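Student: The following block contains the structure, expressed as structure tokens.
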Amino acid sequence: MKHLLFPVAFAMLLLSACCAVVPYQVHSSRFATPGSDGMVAQDSAVLATVEPYREKMEAEMNQILVESVSPLEKGQPESKLGNMVADACFTEAAIKMEQQHSGTIDFCVLNNGGLRSSLPQGKITLKNVYELMPFENELVVITLNGTSTESLLKYISAKGGIPVSNLKLSLSDSALVNVQTGNGLFTKTRNYRILTSDYLSNGGDDMNMFADRVAAEPVGIKVRDAIKQYLQKMGNSNIKLDVKTDGRITR
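The sequence shown maps to residues 1240 to 1490 in our numbering.
Have a look at this one:
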């Protein structure tokens, strides 16, 4: 284990015959590392115990999930990275919901702020997925009425576009134009079942419209795990990841 000896600032007071105070000052300081200049050496027994776990973790993190035809980066109004993540969550959540006989999902909405890194062209590892999505956020299906769903769509428009799946809309001066879900044109006369993260469903990133929910259903899968499973299934089927921007959000 590593030990650090932190420099200690000190001052000593020396009283002269006439009570003058003469301060002693620290003119230099440095950090000491384990095993140097008499410091405690690394404990070989501890290192021997930790090493197998470190190697196992590294092997797991370096696991190749899939190969990507191109690099994936986030952007607006849509992006390859945002499209892939939203599609992955929608696909894996839909499978989960079907297994649980919990009904269908109308569309998925996420946020760009939750995407913490890009994905490289070529081999994508589990480590890449953890860097992309380091949070423990869970997927949840929120049911909103037509009015609250319209507020969400206007939010997407005002943001200039965010990651979505099974949803298509055009933005015109932050107004809604030609909004379609997988079930047809948007209408305020029905409720919508919207897949998102628990962070956003609780008002994160100012998505306050979720507070007016009709219902909330946990999917039982983390956002990160949905991405991992989606990519891993493609890799296991020898399918390369080839993400396109497909006009799901246009200006």
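For each residue, glycine too, the CB sits at the ideal point set by N, CA and C.
As the structure is a computational prediction, the values presented were derived from the model and not from experiment.
Grab me the residues of E1370's own chain with a C-beta within less than 6 angstroms of its C-beta, minus the 5 sequence neighbours each way, in chain order.
Tutor: Excluding residues within five positions, the ones whose Cβ falls inside 6 angstroms are S1356.
Student: Say whether the region 1386-1401 touches the region 1412-1428, bearing in mind that this needs 3 or more beta-carbon pairs closer than 8 angstroms, one atom from each stretch.
Tutor: They touch, by the three-pair rule.
Student: Could you give the distance in angstroms between the alpha-carbon of S1268 and the alpha-carbon of S1283?
Tutor: Its pLDDT being 41, under 50, S1268 is placed unreliably in this model, and the value from its coordinates should be taken loosely. So the alpha carbons of these two residues sit roughly 29 angstroms apart.
Student: Of the residues E1299, V1305, G1486 and E1294, which one's Cα is nearest the Cα of L1480?
Tutor: Among E1299, V1305, G1486 and E1294, the Cα nearest to that of L1480 belongs to V1305.
Student: Is it right to say A1332 is buried, meaning 16 or more other beta carbons lie within 10 angstroms of its own, or is it exposed?
Tutor: So A1332 counts as buried.
Student: Counting only beta-carbon separations shorter than 8 angstroms, does I1466 have a partner in chain B?
Tutor: The structure shown contains no chain B; it is built from a single protein chain.
Student: Looking only at C-alpha atoms, which of V1379, G1361, I1381 and K1407 sits nearest to L1392?
Tutor: Considering only alpha carbons, the answer is K1407.
Student: With C-beta atoms as the reference, is D1451 less than 8 angstroms away from N1350?
Tutor: Against a cut-off of 8 angstroms, the Cβ pair of N1350 and D1451 comes out as no contact.
Student: Need the endpoints of the alpha helix (DSSP H) that E1337 sits in, please.
Tutor: K1319 to Q1338 is the extent of the alpha helix (DSSP H) around E1337.
Student: My understanding is that L1453 touches L1378, with C-beta atoms under 8 angstroms, so please give their C-beta distance in whole angstroms.
Tutor: Sequence check: residue 1453 is Val here, not Leu. With a Cβ gap of about 18 angstroms, V1453 and L1378 do not count as contacting.
Student: For M1448, I'd like the list of residues in its chain whose CB is within less than 6 angstroms of its CB, leaving aside the five on either flank, ordered along the chain.
Tutor: Counting only Cβ-Cβ distances below 6 angstroms, and skipping sequence neighbours, we find S1387, S1390 and L1391.
Student: Using the C-alpha atoms, what's the distance from E1337 back to R1429?
Tutor: In a straight line, the C-alpha of R1429 is about 21 angstroms away from that of E1337.
Student: Are V1458 and K1335 touching if we call contact CB-CB under 8 angstroms?
Tutor: Their beta carbons are under 8 angstroms apart, which means V1458 touches K1335 by this criterion.
Student: R1463 by DSSP, collapsed to three states: which one?
Tutor: Three-state result, R1463: helix.
Student: Which of helix, strand or coil does DSSP assign to T1288?
Tutor: Of the three classes helix, strand and coil, the one that applies to T1288 here is helix, per DSSP.
Student: In chain order, what residues of the same chain have a beta carbon less than 6 angstroms from the beta carbon of S1436, not counting five sequence neighbours either side?
Tutor: Here the set comprises N1376 and V1462.
Student: Between A1327 and G1486, what straight-line distance do the alpha-carbon atoms span, to the nearest angstrom?
Tutor: Each residue's alpha carbon lies about 17 angstroms from the other.
Student: So, with DSSP's three-state summary, where would you put P1262?
Tutor: Confidence at P1262 is low in this model, with a pLDDT of 42, below 50, so the placement of that residue should be treated as unreliable; the coordinate-derived value is given next. Looking at P1262 - three-state DSSP - the assignment turns out to be strand.
Student: Assign S1411 to buried or exposed, taking buried as 16 or more other Cβ atoms, counted over all protein chains shown, within 10 Å of its Cβ.
Tutor: Burial call: exposed.
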